[in-house]
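Residues in the sequence shown are numbered from 1 upward in steps of one, following the numbering used here. In what follows, a structure is listed as structure tokens, so that the remarks can point back to it.
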Amino acid sequence: ASLKRLRVDTIDLFYQHRVDPTVPIEDVAGTVKDLIAEGKVKHFGLSEPGMQTLRRAHAVQPVAAVQNEYSLLWRGPEKEELSIFEELGIGLVAWSPLGLGFLTGTINENTRFDGPGYTDYRLTNPRFTPEVLKANKVLIDLLRDWARRKEATPAQISLAWLLAQKPWIVPIPGTTNLQHLDEDLGATAVVFSAEELRELNAAASKIVVHGERLRKELLVMSGREAPPQK
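Set out below in structure tokens:
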């Protein structure tokens with residue numbers, strides 16, 4: 001069905017998005033393995049898997065990429081995930097690399113996310129309460145400082161930082177605005193020297209980021225707090 005909708009003969013990267021705790025991950029990986037053998041899929045991906053789940057899937061069909069949140073606003077993957085990805089030869093596709101717009105420097109405690117006819121997801125996101133936005137302003141101040149130094153924008157610094165972390169990390173910023181797209185693409189022209197990257201990492205690591213990245217029920221849905229698969 002995906003091949004018909006996309007009008008292609010092969011899907012380059014086929015994700016399970018997200019992990020279904022009711023289906024053994026070995027069955028999922030085995031199904032994708034069959035699709036690869038049939039020539040319908042080239043590579044297997046997972047989104048927000050637990051690391052044990054990842055290893056179990058990888059043992060059946062090598063996982064090419066994991067799509068997890070990673071940015072200067074959420075550096076959780078640095079605790080163990082990045083080392084596991086490197087060990088297994090898995091690429092990281094970093095979603096929300098601009099922190100749902102926060103890392104662009106255009107949002108502050110006075111920003112409102114509700115409006116006529118729609119409800120912005122950020123309205124109920126713990127990171128986007130006025131108190132948390134104000135507390136996290138120190139991170140934006142850091143980005144603005146580096147933006148001045150590198151003649152770039154805070155968004156470009158944020159994306160360039162991700163690109164500089166590992167050669168196998170690919171950020172996927174989303175936008176429907178062509179001007180923002182051009183800005184995002186400009187991040188590839190921002191290059192950090194080794195010393196600059198150490199300096200930026202050292203400064204960022206001293207900043208305590210406030211606010212949970214997801215509501216609790218969404219953490220469960222993500223598979224990170226789902227009951228272990230049998």
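Cβ coordinates follow ideal geometry from the N, Cα and C atoms, glycine included.
Given residue i as reference, the closest of the options once Cα atoms are compared
i              : options                       : result
proline 171    : Leu197, Trp95, Lys134         : Trp95
histidine 231  : Arg127, Ser2, Phe44, Ala203   : The requested residue 231 is not part of the displayed model; the chain covers only 1 to 230.
tryptophan 146 : Glu196, Val32, Phe85          : Glu196
leucine 88     : Leu139, Gln61, Glu109, Glu26  : Gln61
leucine 139    : Asn201, Val8, Leu54, Pro24    : Asn201
proline 24     : Gln165, Arg7, Pro49, Glu131   : Pro49
arginine 144   : Ala204, Ile90, Glu109, Asp114 : Ala204
asparagine 68  : Lys137, Gly101, Arg18         : Arg18
arginine 149   : Asp34, Ile11, Phe192          : Phe192
Other residues of its chain near residue i: CB distance less than 6 Å, five sequence neighbours each side excluded
i           : result
alanine 160 : Ala187, Val190
Alpha carbon of residue i to alpha carbon of residue j, nearest angstrom
i                 : j              : result
leucine 133       : lysine 42      : 41 Å
serine 71         : alanine 155    : 11 Å
leucine 13        : tyrosine 121   : 27 Å
threonine 106     : glycine 76     : 24 Å
glutamate 151     : isoleucine 157 : 10 Å
alanine 164       : glycine 174    : 19 Å
arginine 5        : lysine 40      : 13 Å
glycine 45        : aspartate 27   : 14 Å
phenylalanine 102 : threonine 129  : 12 Å
isoleucine 11     : leucine 3      : 7 Å
Contact check, residue i vs residue j, beta carbons under 9 Å
i             : j              : result
valine 93     : alanine 57     : no
alanine 29    : alanine 1      : no
valine 32     : glutamine 52   : no
threonine 176 : threonine 104  : no
leucine 142   : isoleucine 207 : yes
arginine 55   : isoleucine 84  : yes
glutamate 109 : lysine 137     : yes
Same chain, Cβ closer than 8 Å to residue i, five either side skipped, listed in chain order
i             : result
tryptophan 74 : Ser96, Gly99, Val209, Arg213
leucine 123   : Phe113, Asp114
Residues bridged to residue i [DSSP beta-bridge criterion]
i             : result
glutamate 183 : DSSP, once it has assigned bridges, lists no residue as partnering glutamate 183.
glycine 211   : DSSP lists no partner for glycine 211.
tryptophan 95 : Glu69, Ile172
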